[in-house]
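Numbering (UniProt numbering), first residue to last: 1 to 134.
This is the structure:
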């Protein structure tokens, strides 16, 4: 990701989130063996990159919850599923991202809309069985 201040940088980060996470998560639940292992490595790389962008700030925009946070926060309810399907810990690999997610979930606007991670995992298992990926 390129570092450009302001909205242009936000747009680049949001595009990165949109393209990379969707691709990795789909491969993580659809594939097996070496391909799934690669998806896991790619997922960790994506979160590591985002963690470096977050740095020591509470939110991607600094002290304020902003567009990048809004783009990434819906994926936090899938962290449990990523870990179960990929056999890895996001917190071990990217503790700042997990801390950021916890901070975001303290916001009423976030807590009210995120689904339960267990239900998300159950739904992904349903998709796996429906599409023969299990």
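Where is the CB? At the ideal position from N, CA and C, for every residue including glycine.
- Query: Using CA coordinates, which residue listed in 61, 114 and 124 is at the minimum distance from residue 14?
  - Reply: When each option's Cα is compared against that of residue 14, the closest is 61.
- My understanding is that residue 186 touches residue 51, with C-beta atoms under 8 Å, so please give their C-beta distance in whole angstroms. A query on residue 186 cannot be resolved here, the shown segment of the chain reaching from 1 to 134 and no further.
- Item | Complete alpha helix (DSSP H) runs within the stretch 47–99 (minimum length 4 residues, chain order) | As summarised for the stretch 47–99, the continuous alpha helix (DSSP H) elements at least 4 residues long and confined to that stretch are 67–72, 79–86 and 90–93, given in chain order.
- Taking all protein chains shown into account, decide if residue 82 is buried (16 or more other Cβ within 10 angstroms of its Cβ) or exposed. Buried, by the Cβ-count rule.
- Can you give me the Cβ contacts of residue 66 inside the same chain, cut-off strictly under 8 Å, excluding the 5 residues immediately before and after it? For residue 66, where only same-chain residues beyond five positions count, the Cβ hits under 8 Å are 10, 59 and 60.
- Message: Let's test the definition: count the other Cβ atoms within 10 Å of the Cβ of residue 130 and tell me whether it reaches 16, buried, or not, exposed.
- Response: By the 10 Å Cβ count, residue 130 comes out exposed.
- Message: Can you tell me whether residue 116 is helix, strand or coil according to DSSP?
- Response: Here residue 116 sits in coil by DSSP.
- Item | Top-ranked residue by Cα proximity to residue 110, from 32, 74 and 44 | The residue with the shortest Cα to Cα distance from residue 110 is 74.
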